[in-house]
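Okay, structure first, notes after.
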Amino acid sequence: MTLSPDLFPILIPAMFLAPLLAAALCLIVSRRSTLQNTITLLTLTLTTVMAFGLLMLADTYDVGVVQVGGWESPFGISLVVDRLSAFMLLVSQLVLLSVIIYAVGQGIRDGSKEQPVSIFLPTYLVLAAGLNNAFIAGDIFNLYVGFEILLAASYVLLTLGASQSRVRAGVSYTVVSMVSSLIFLVAIALTYAAVGTLNIADIGMRMGDVGDGVRNAIFAVFLVAFGIKAAIFPLSSWLPDSYPTAPAPVTAVFAGLLTKVGVYAIIRVHSVVFPGGSMDAVLMVASLLTMLVGILGAIAQSDIKRILSFTLVSHIGYMTFGVALSSELGLSAAIYYVAHHILVQTSMFLIVGLIERQAGSSSLRTLGSLAMASPFLAVMFLVPALNLGGIPPFTGFIGKLAVIRAGAQDGSVLAWTLIAGSVITSLLTLYVMVRVWSKAFWRPSADSPEGAVDAFPVSLLPAKDRVEQEERESPGRMPFTMVAPTVGLIGVSLVMTFAAGPLLDVTDRAAQSLRSTEYIDAVGPDAAEAGRDTTRGSNAVDAERPADRAAAGAAAEESAEGGR
1 MTLSPDLFPI
11 LIPAMFLAPL
21 LAAALCLIVS
31 RRSTLQNTIT
41 LLTLTLTTVM
51 AFGLLMLADT
61 YDVGVVQVGG
71 WESPFGISLV
81 VDRLSAFMLL
91 VSQLVLLSVI
101 IYAVGQGIRD
111 GSKEQPVSIF
121 LPTYLVLAAG
131 LNNAFIAGDI
141 FNLYVGFEIL
151 LAASYVLLTL
161 GASQSRVRAG
171 VSYTVVSMVS
181 SLIFLVAIAL
191 TYAAVGTLNI
201 ADIGMRMGDV
211 GDGVRNAIFA
221 VFLVAFGIKA
231 AIFPLSSWLP
241 DSYPTAPAPV
251 TAVFAGLLTK
261 VGVYAIIRVH
271 SVVFPGGSMD
281 AVLMVASLLT
291 MLVGILGAIA
301 QSDIKRILSF
311 TLVSHIGYMT
321 FGVALSSELG
331 LSAAIYYVAH
341 HILVQTSMFL
351 IVGLIERQAG
361 SSSLRTLGSL
371 AMASPFLAVM
381 FLVPALNLGG
391 IPPFTGFIGK
401 LAVIRAGAQD
411 GSVLAWTLIA
421 GSVITSLLTL
431 YVMVRVWSKA
441 FWRPSADSPE
451 GAVDAFPVSL
461 LPAKDRVEQE
471 ERESPGRMPF
481 TMVAPTVGLI
491 GVSLVMTFAA
501 GPLLDVTDRA
511 AQSLRSTEYI
521 DAVGPDAAEA
531 GRDTTRGSNA
541 VDAERPADRA
551 AAGAAAEESA
561 EGGR
């Protein structure tokens with residue numbers, strides 16, 4: 001079935017407006033939790049379906065553009081969906097929907113009247129709106145607005161329950177995010193001073209006329225701003241202290257998505273605005289340090305949440321490694337790895353939430369015998385853990401192999417150094433996962449160094465008491481509404497394994513578009529002058545065959561490289 005490009009002007013703004021309007025409705029009916037749950041689930045189901053439609057449209061018609069208010073680029077606000085943004089939208093909506101089913105299910109089963117559910121769901125929808133806005137932003141200031149929406153919603157979600165540790169982590173996270181936002185604003189101001197526009201496509205057209213020194217300085221400021229949000233070393237120290245204190249659903253969606261918005265922003269500005277690769281050596285060194293420092297930090301931890309937080313930092317290095325190679329193969333591998341890591345990291349944190357519910361703690365010093373107590377939970381942990389460790393044939397292995405292949409194609413000494421670092425990081429990740437598996441699931445609970453565990457945790461409120469293991473009441477069976485979305489995300493990652501060929505074809509086409517002038521041609525001010533209908537997509541009038549599009553993209557890339 002072929003979708004009409006006329007759907008672009010409907011679906012693109014709806015990705016932002018639908019969750020925002022749903023958040024307002026949830027506040028209006030804040031006293032009716034069942035209705036709030038229904039509104040939230042229906043809205044995120046709808047945005048997931050729309051994101052799938054946008055991916056089909058973008059893969060057929062390349063780029064869809066909506067000029068808000070009828071103001072043409074570069075004067076108006078451009079909302080843009082290409083293959084990269086559509087792919088990110090779809091993966092993020094799957095995660096948002098799965099996590100909210102998990103959270104609602106936990107609240108129904110284990111909740112109490114004191115839980116701040118009337119605030120949680122509207123804030124979660126605002127987070128979704130900010131996330132979607134960042135992915136469809138066609139100008140740099142609108143991208144900043146998306147980040148600020150994320151920041152405001154994130155602070156509320158991090159501090160739910162208002163415990164001392166959560167407020168402290170929330171304040172720390174907010175201060176770091178505000179510093180990042182300030183640096184981002186400085187980068188925006190420098191960009192406007194240099195080229196006189198904020199439209200991403202228009203900046204890409206004009207930045208080539210700016211001197212190398214100024215251009216590299218602006219790019220460096222952008223990399224610092226986005227590097228903080230993506231948690232790239234040495235700008236990553238805030239993350240392991242912020243995420244583990246939040247409730248399991250919040251930690252899961254943060255770990256899966258928020259850092260990837262920073263990676264997405266790096267990919268976008270690197271490919272469209274600064275395509276020359278002038279900062280690639282710096283980015284590659286930062287990627288290597290991110291991989292190694294992150295995984296060494298994970299080895300030193302004894303709490304599963306903190307272990308996963310450090311591995312999250314570590315694997316950001318694989319994504320930025322692919323970006324820094326400045327090749328289609330590297331970009332394609334980075335995009336595939338981003339999707340893999342979003343799904344696997346989210347499912348791992350959801351599983352840790354189930355471990356906390358069943359065992360009362362996520363500390364390796366108190367856990368033991370989980371495989372005997374809950375064999376299904378053990379299997380649920382094992383599959384994404386092996387995936388994260390890069391064991392074939394899972395997506396982690398495919399993604400890492402794609403990144404390594406792109407590095408080998410580059411052939412530079414620095415690229416081979418990063419390949420060695422990638423292999424070492426993968427082996428150490430597997431070691432960390434095996435250590436968690438052996439201690440939490442197979443070691444007899446009587447041999448754990450500490451016997452006391454947290455009191456039975458509820459969905460959003462932190463546990464306040466410590467009890468002895470043998471005195472803790474049984475939590476009962478794991479709720480289906482918590483298990484089902486977790487298994488669903490694991491299943492999607494397995495589907496990505498079996499459908500790796502078609503998915504890599506999509507990421508290849510996305511990388512090809514990013515490396516060509518396709519985005520600029522569809523969004524920039526010349527699009528209207530050339531007579532394109534920018535509300536219908538760059539190839540809406542005469543949809544080309546995939547082979548023709550590939551040939552056209554290769555020609556455009558050769559032309560662009562010759563012009564540089």
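When you line the sequence shown up against full-length UniProt numbering, it's residues 1 to 564, in that order. A virtual CB, placed ideally from N, CA and C, is assigned to each residue, including glycine.
Nearest candidate by alpha-carbon position, reference residue i, set the options
{"i": "Ala-440", "options": "Phe-480, Met-372, Leu-388, Lys-400", "result": "Met-372"}
{"i": "Thr-197", "options": "Val-313, Asp-139, Val-214", "result": "Asp-139"}
{"i": "Phe-381", "options": "Val-344, Ser-73, Ser-78, Gly-277", "result": "Val-344"}
{"i": "Ala-103", "options": "Ile-295, Val-523, Thr-251, Ala-510", "result": "Thr-251"}
{"i": "Tyr-173", "options": "Leu-190, Val-210, Phe-120, Leu-239", "result": "Leu-239"}
{"i": "Tyr-144", "options": "Val-167, Gly-501, Val-179", "result": "Val-179"}
{"i": "Val-379", "options": "Val-210, Trp-437, Ile-398", "result": "Trp-437"}
{"i": "Val-214", "options": "Ala-193, Ile-200, Gly-227", "result": "Ala-193"}
{"i": "Asn-37", "options": "Thr-48, Pro-122, Leu-157", "result": "Pro-122"}
{"i": "Val-81", "options": "Val-495, Ala-333, Ala-14, Ala-420", "result": "Ala-14"}
{"i": "Gly-69", "options": "Val-63, Thr-366, Pro-9, Leu-90", "result": "Pro-9"}
{"i": "Ala-511", "options": "Asp-62, Thr-40, Val-29, Ala-18", "result": "Asp-62"}
{"i": "Leu-158", "options": "Val-224, Ala-137, Phe-254, Ile-355", "result": "Phe-254"}
{"i": "Ile-218", "options": "Ala-24, Asp-202, Phe-184, Asn-199", "result": "Phe-184"}
{"i": "Arg-31", "options": "Ser-118, Ala-22, Ser-85, Ser-78", "result": "Ser-118"}
{"i": "Leu-513", "options": "Thr-417, Gly-421, Ser-332, Val-434", "result": "Correcting the residue identity first, residue 513 is Ser in this sequence and not Leu. Ranking the options by Cα distance to Ser-513, first place goes to Ser-332."}
{"i": "Phe-349", "options": "Leu-329, Leu-388, Thr-290, Ile-419", "result": "Leu-388"}
Under 8 Å between C-beta atoms of residue i and residue j
{"i": "Val-432", "j": "Ile-342", "result": "no"}
{"i": "Val-272", "j": "Ile-304", "result": "no"}
{"i": "Ala-230", "j": "Val-263", "result": "yes"}
{"i": "Ile-101", "j": "Ile-232", "result": "no"}
{"i": "Pro-393", "j": "Thr-497", "result": "yes"}
{"i": "Ile-335", "j": "Phe-147", "result": "no"}
{"i": "Gly-204", "j": "Ile-520", "result": "yes"}
{"i": "Met-56", "j": "Leu-11", "result": "no"}
{"i": "Thr-429", "j": "Ser-314", "result": "yes"}
{"i": "Ser-98", "j": "Pro-485", "result": "yes"}
{"i": "Asp-6", "j": "Val-506", "result": "no"}
{"i": "Thr-40", "j": "Leu-125", "result": "yes"}
{"i": "residue 617", "j": "Ser-309", "result": "Lying before the first or after the last residue shown, residue 617 is absent from the chain, which here runs from 1 to 564."}
{"i": "Met-319", "j": "Val-293", "result": "no"}
{"i": "Leu-325", "j": "Gly-407", "result": "yes"}
{"i": "Phe-135", "j": "Ser-85", "result": "yes"}
{"i": "Ser-369", "j": "Pro-444", "result": "yes"}
{"i": "Met-478", "j": "Leu-367", "result": "no"}
Counted within 10 angstroms of its Cβ, other Cβ atoms place residue i as buried (16 or more) or exposed
{"i": "Gly-277", "result": "exposed"}
{"i": "Asp-508", "result": "buried"}
{"i": "Gln-409", "result": "exposed"}
{"i": "Pro-234", "result": "exposed"}
{"i": "Arg-564", "result": "Confidence is the limiting factor: at Arg-564 the pLDDT is only 36, short of 50, which leaves the residue's position unreliable, though a coordinate-based value still follows. Exposed is the call here."}
{"i": "Gln-164", "result": "exposed"}
{"i": "Arg-532", "result": "Here Arg-532 scores only 44 on pLDDT, less than 50, and its place in the model is too uncertain to base an answer on."}
{"i": "Thr-2", "result": "exposed"}
{"i": "Ala-281", "result": "exposed"}
{"i": "Glu-72", "result": "exposed"}
{"i": "Thr-34", "result": "exposed"}
{"i": "Pro-247", "result": "buried"}
First through last residue of the beta strand (DSSP E) which encompasses residue i
{"i": "Gly-69", "result": "Here Gly-69 belongs to no beta strand (DSSP E), and DSSP marks it neither H nor E."}
{"i": "Ser-361", "result": "Premise fails: Ser-361 is in no beta strand (DSSP E) and is neither H nor E."}
{"i": "Val-273", "result": "No beta strand (DSSP E) holds Val-273; DSSP gives it neither H nor E."}
{"i": "Ile-77", "result": "77-81"}
Segment limits, alpha helix (DSSP H) that includes residue i
{"i": "Val-383", "result": "375-389"}
{"i": "Ser-493", "result": "480-498"}
{"i": "Ser-237", "result": "Looking at the DSSP string, Ser-237 is not in any alpha helix (DSSP H), and its letter there is neither H nor E."}
{"i": "Leu-143", "result": "140-158"}
{"i": "Val-29", "result": "Neither: Val-29 is in no alpha helix (DSSP H) and is coded neither H nor E."}
{"i": "residue 566", "result": "Since the displayed the chain opens at 1 and closes at 564, residue 566 lies outside it and no answer follows."}
Next item on the list: Tell me the start and end of each unbroken alpha helix (DSSP H) in the segment 166-225 that is at least 4 residues and wholly inside, in chain order.
Entry: 200-206
Note to self: I'd like the ranges of any alpha helix (DSSP H) spanning at least 4 consecutive residues and lying wholly in the segment 280-339.
What the structure shows: 280-299, 304-324
Next item on the list: Could you pull out every unbroken beta strand (DSSP E) segment of at least 3 residues lying fully inside the segment 33-68, listed in chain order?
Entry: 64-68
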